[in-house]
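Residue 12 is where the sequence shown starts when you use our numbering, and the numbers rise one by one after that.
One structure below.
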Amino acid sequence: MLRSQGLTPLATDLDPSRVAPRCAGTVTRALRPFLHGRRGILACLCMASVVLLAPDAAVGGTETHPEADRSLRAPATWQLPSVPQVMRVLSLRDYNTRVVVVGTMLLGAGAGIIGTFLLLRKRALMADALSHAALPGIALAFIVLEAAGLSGKSRFGLLSGALVFGAAGVGAVLMIRRWTRVKEDAALAIVLSVFFGLGVALLGVIQRMATGNAAGLEAFIYGKTASMLFSDAVWIGAVAGVVMVVCGMFFKEFTLLCFDQDFAGTQGRSGLLLDTLMLGLAVLITVIGLQAVGLILIVALLVIPPAAARFWTHRLPVMAVIAAGFGALSGLLGASVSALAPRLPAGAIIILVAALLFGVSLLFAPARGFLSTAWQRFRLERKVGQQHVLRALFESGEPLVQQAQGKPGAAAAAGPVPFAALLAQRSWSPATLRRLLAAARRAGLTRRDGDDAYHLTDAGLAAARRAVRNHRLWELYLLTHAEVATSHVDHNADALEDVLDPTLVAQLEETLAAQHPHLAAATGPAGEGPAVAAAVPPSPHRLPGQGAQDVPAGRAGNVSGRR
């Protein structure tokens with residue numbers, strides 16, 4: 012019927028190279044009347060956009076096989092896995108999932124332990140140099156195996172080449188650092204760039220070889236966790252076990268090397284041998300982890316888990332255990348997420364999970380986390396500010412009480428102190444001073460009069476006496492032992508009075524007893540005796556409302572007040 016009308020049917024079995032010109036000619040003849048002017052241009056643009064944006068358009072109206080069409084078109088969105096799928100992955104029911112998860116967990120645990128010592132040794136960048144130094148070893152091993160008529164994709168041969176060149180990179184760094192004046196960071200940069208450049212050059216040679224190509228080498232560069240075999244997991248487990256055992260055997264020696272290499276040398280431990288052993292373990296874990304996460308990302312497993320563990324503790328054994336746990340958890344969660352989303356590379360997901368654990372540790376760790384540190388700093392600043400307010404109220408009335416009782420160092424509750432007088436004593440802003448006074452009032456240490464003046468309560472007076480006494484003891488230490496001029500003693504005491512420990516206070520009490528027997532005899536240990544009201548030592552600097560003649564003899568200095 013079509014032939015009788017002068018038209019040629021487009022059969023589905025025709026050659027596409029013949030169909031496309033016919034379609035183009037037919038469309039051109041049909042649109043020729045509309046191709047003139049602006050309307051024609053707009054019509055062509057509209058039709059082109061429709062053709063480009065139509066996902067289901069078939070050339071010539073032909074139909075494709077449903078299975079072939081489904082395989083060619085990737086889904087536009089990623090669907091969340093169902094609960095049964097998640098439980099199946101977490102319960103490790105599938106054989107391949109078990110192999111991958113166990114292998115990556117062992118790799119993460121071993122890398123976390125040896126990475127702890129590298130981090131404390133300040134050799135974190137050494138792992139980066141090792142991973143890049145392994146690239147020319149892999150490439151050269153491929154070339155040698157192909158030249159010998161063997162399979163260039165032999166895993167054992169490629170890992171052996173990576174091991175040799177990784178050890179060569181470590182040796183190069185140690186030699187440059189030991190026998191030249193080049194510092195360690197420069198040595199690491201030199202070794203990393205030179206070895207990586209050699210590896211890229213050898214990869215270019217492999218691409219031009221007639222016997223093969225580098226199609227399988229990208230597994231060592233970018234990692235291929237999902238294709239891990241049982242033998243790979245066994246090798247990873249064996250190397251991780253060796254690393255853990257050796258680190259346990261030399262834990263004390265590695266600790267000495269990380270914190271005090273000179274002391275380790277006096278104890279008969281060779282720093283060079285211990286350094287070589289530590290870096291040798293790092294080479295082993297780096298080489299064995301190449302196929303899991305690749306030579307670019309293996310450095311993250313050696314650095315991120317120990318760095319995250321450092322926020323949780325101050326003890327090295329606990330830090331090593333936490334680092335191993337974070338490394339294993341990164342492997343578990345990363346491999347599980349990759350199993351639930353096959354399109355996501357497992358190696359990259361493992362590193363992202365480790366980075367997530369680092370972020371959580373950075374924010375929420377109780378020992379050194381950001382929030383915990385900020386809260387501790389806030390409490391310390393509030394405590395110091397409160398002590399300064401109590402001292403200002405106490406010292407404002409101290410000259411009057413001294414004149415009434417006739418002896419220096421006597422202090423008791425004074426009358427109300429105006430806000431303006433308190434503000435002039437220190438470099439407070441009005442808002443800061445009112446905030447500190449409000450906090451002291453809520454704590455029951457001060458009370459306010461109607462005319463914007465403040466009193467010390469009984470509890471506030473006792474706290475103020477303790478603060479002033481510790482402050483004066485520290486001033487006494489600076490004057491007698493540190494030989495600080497009286498013009499600077501109050502400033503230094505303000506900066507250091509909150510770090511006094513009981514041992515130092517006891518030593519200062521002895522000095523106080525030698526210089527002021529009538530004050531020291533009235534108190535018990537650390538100024539907590541029954542007559543603490545009379546136990547406040549005299550101030551070595553001029554107080555507000557006090558003349559220069561009222562300062563104790565030998566203490567007068569060029570002091571004009573608070574800083």
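Note that the Cβ used here is the ideal one computed from N, Cα and C, for glycine as well.
Inset, instruction - Could you check which residue in Phe241, Ala303, Val254 has the C-alpha nearest to that of Ile360? - result: Position 349 of the sequence shown, counted from the start, is the residue given in the question as residue 360. Minimum Cα distance to Ile360 is reached at Ala303.
Legend entry - Where the beta strand (DSSP E) containing Arg459 begins and where it ends: In the sequence shown, residue 459 corresponds to position 448, counting from 1. Residues 457-459.
Legend entry - Leu391, buried or exposed, once every other Cβ within 10 Å from all chains shown has been counted against 16: Translated into the one-based positions of the sequence shown, residue 391 becomes position 380. Under this definition Leu391 is an exposed residue.
Inset, instruction - Classify Tyr106 as buried or exposed, calling it buried when 16 or more other Cβ atoms lie within 10 Å of its own Cβ. - result: Counting from one through the sequence shown, the residue named residue 106 turns up at place 95. Looking at its Cβ environment, which holds fewer than 16 other Cβ atoms inside 10 Å, Tyr106 is exposed.
Legend entry - Beta carbon of Leu456 nearer than 8 Å to that of Thr443: Residue 456 sits at position 445 when you count from the first residue of the sequence shown. Residue 443 sits at position 432 when you count from the first residue of the sequence shown. Not a contact, by the Cβ cut-off of 8 Å.
Legend entry - Buried/exposed call for Glu521, threshold 16 Cβ in 10 Å: Numbered from its first residue, the sequence shown carries residue 521 at position 510. Answer is exposed; the Cβ neighbour count stays below 16.
Legend entry - Contact under 8 Å by Cβ, Ile201 with Phe153: By one-based count along the sequence shown, residue 201 stands at place 190. By one-based count along the sequence shown, residue 153 stands at place 142. Contact flag unset, no.
Inset, instruction - Would you mind stating whether Gly119 and Ser341 have Cβ atoms separated by less than 8 Å? - result: As a first step, residue 119 is located in the sequence shown; it is residue number 108 there, counting from the start. As a first step, residue 341 is located in the sequence shown; it is residue number 330 there, counting from the start. For Gly119 and Ser341, yes; Cβs fall inside 8 Å.
Inset, instruction - Only counting runs of 4 or more residues, tell me where the alpha helix (DSSP H) segments fall wholly within the stretch 198-285, in order along the chain. - result: 229-233, 241-260, 262-270, 272-277
Inset, instruction - Leaving out five residues on either side along the sequence, give the residues of the same chain with a beta carbon under 6 Å from the beta carbon of Val364. - result: Within the sequence shown, the letter at position 353 stands for residue 364. Ser341, Leu344, Gly345, listed in sequence order.
Legend entry - Range covered by the beta strand (DSSP E) that runs through His466: Counting from one through the sequence shown, the residue named residue 466 turns up at place 455. 464-467 is the extent of the beta strand (DSSP E) around His466.
Inset, instruction - Classify Val110 as helix, strand or coil using the three-state DSSP reduction. - result: In the sequence shown, the residue the question calls residue 110 occupies position 99. When secondary structure is reduced to three states using DSSP, Val110 falls in the helix class.
Inset, instruction - Reducing DSSP to helix, strand and coil, say where Pro353 ends up. - result: Here residue 353 is taken as the residue at index 342 of the sequence shown, counted from 1. Coil at Pro353, not helix or strand.
Legend entry - Cutoff 6 Å; reference Glu74; Cβ partners in own chain excluding five residues on either side: As a position in the sequence shown, residue 74 is number 63, starting the count at 1. A caution first: Glu74 carries a pLDDT of 41, below 50, which makes its placement in the model too unreliable to give a value.
Legend entry - Contact check, Leu312 vs Gly336, beta carbons under 8 Å: Working through the sequence shown from its first residue, we reach residue 312 at position 301. Working through the sequence shown from its first residue, we reach residue 336 at position 325. No; because the gap between Cβ atoms is not below 8 Å, this pair is not in contact.
Inset, instruction - Apply the 10 Å Cβ neighbour rule to His143 and answer buried if 16 or more other Cβ atoms are within range, or exposed otherwise. - result: In the sequence shown, the residue the question calls residue 143 occupies position 132. His143 should be labelled buried.
Legend entry - Proximity of Pro147 and Phe206 at Cβ, strictly below 8 Å: For this step, residue 147 is matched to residue 136 along the sequence shown. For this step, residue 206 is matched to residue 195 along the sequence shown. It is a contact, given that the beta carbons lie within the stated cut-off.
Inset, instruction - Return the chain-ordered list of same chain residues with a C-beta closer than 6 Å to the C-beta of Leu404, the five sequence neighbours on each side being excluded. - result: Sequence index remark: in the sequence shown, residue 404 carries index 393 (1-based). If we look at Leu404 and ignore the five residues flanking it on each side, its Cβ neighbours are Val428, Leu467.
Inset, instruction - Look at the alpha carbon of Leu448 and the alpha carbon of Gln397, and state the distance between them as a whole number of angstroms. - result: Position 437 of the sequence shown, counted from the start, is the residue given in the question as residue 448. Position 386 of the sequence shown, counted from the start, is the residue given in the question as residue 397. Looking at the two C-alpha atoms, the distance is approximately 8 Å.
Inset, instruction - Look up Pro92 in the DSSP assignment and say whether it is helix, strand or coil. - result: As a working mapping, residue 92 is identified with position 81 in the sequence shown. In this structure, DSSP gives Pro92 a state outside helix and strand, which the three-state scheme calls coil.
Legend entry - Beta-carbon gap between Ala150 and Gly210 smaller than 8 Å: Here residue 150 refers to the residue found at position 139 when the sequence shown is read from its first residue. Here residue 210 refers to the residue found at position 199 when the sequence shown is read from its first residue. Taking 8 Å as the Cβ cut-off, Ala150 and Gly210 qualify as a contacting pair.
Inset, instruction - Could you tell me whether the Cβ atoms of Arg452 and Arg458 are closer together than 8 Å? - result: Position 441 of the sequence shown, counted from the first residue, corresponds to residue 452. Position 447 of the sequence shown, counted from the first residue, corresponds to residue 458. Against a cut-off of 8 Å, the Cβ pair of Arg458 and Arg452 comes out as a contact.
Inset, instruction - Could you pull out every residue in the same chain whose Cβ sits closer than 6 Å to the Cβ of Gly168, ignoring the five residues on either side in sequence? - result: Against the sequence shown, residue 168 aligns to sequence position 157. Here the set comprises Ala152, Leu156.
Inset, instruction - Apply the 10 Å Cβ neighbour rule to Trp323 and answer buried if 16 or more other Cβ atoms are within range, or exposed otherwise. - result: Counted from its first residue, the sequence shown places residue 323 at position 312. With 16 or more other Cβ atoms inside 10 Å of its own Cβ, Trp323 counts as buried.
Inset, instruction - Could you tell me if Thr514 is buried or exposed, where buried requires 16 or more neighbouring beta carbons within 10 angstroms of its beta carbon? - result: One-based indexing of the sequence shown puts residue 514 at position 503. With fewer than 16 Cβ atoms within 10 Å of its Cβ, Thr514 is classed as exposed.
Inset, instruction - Name the one or two DSSP bridge partners that Pro441 has. - result: As a first step, residue 441 must be located in the sequence shown, where it is residue number 430. None; Pro441 has no bridge partner.
Legend entry - Three-state secondary structure assigned by DSSP to Val428: What you label residue 428 is simply residue 417 of the sequence shown in a count that begins at 1. Of the three classes helix, strand and coil, the one that applies to Val428 here is strand, per DSSP.
Inset, instruction - Would you tell me roughly how many angstroms separate the C-alpha atoms of Leu373 and Leu382, rounded to the nearest one? - result: For this step, residue 373 is matched to residue 362 along the sequence shown. For this step, residue 382 is matched to residue 371 along the sequence shown. Roughly 8 Å between the two C-alpha positions.
Inset, instruction - Express the C-alpha separation of Leu136 and Leu268 in angstroms, rounding to a whole number. - result: The residue you call residue 268 lines up with position 257 of the sequence shown. The residue you call residue 136 lines up with position 125 of the sequence shown. Taking the straight line joining both Cα atoms gives about 17 Å.
Inset, instruction - Taking the CB atoms as reference points, tell me whether Leu487 and Pro548 lie closer together than 8 Å. - result: Reading the sequence shown from its first residue, position 476 is the one you call residue 487. Reading the sequence shown from its first residue, position 537 is the one you call residue 548. Contact flag set, yes.
Legend entry - Pairwise C-alpha distance: Leu214 and Phe262: Position 251 of the sequence shown, counting from 1, holds the residue named residue 262. Position 203 of the sequence shown, counting from 1, holds the residue named residue 214. Each residue's alpha carbon lies about 40 Å from the other.
Inset, instruction - Since I believe Val298 is in contact with Gly121 (beta carbons under 8 Å), could you give me their beta-carbon distance rounded to a whole number of angstroms? - result: Against the sequence shown, residue 121 aligns to sequence position 110. Against the sequence shown, residue 298 aligns to sequence position 287. Between Val298 and Gly121 the Cβ distance is about 12 Å, and since that is not below 8 Å, they are no contact.
Inset, instruction - Would you mind sorting Gly123 into buried or exposed? The rule is 16 or more other CB atoms within 10 Å of its CB. - result: In the sequence shown, residue 123 corresponds to position 112, counting from 1. Under this definition Gly123 is a buried residue.
Inset, instruction - Kindly list the residues whose CB is nearer than 6 Å to the CB of Ala183, restricted to its own chain and excluding five residues on each side of it in sequence; keep chain order. - result: Residue mapping note: residue 183 aligns to position 172 of the sequence shown, counting from 1. Val202, listed in sequence order.
Legend entry - Three-state secondary structure (DSSP) of Gly380: Your numbering for residue 380 matches position 369 in the sequence shown. Note: Gly380 maps to coil in three-state DSSP.
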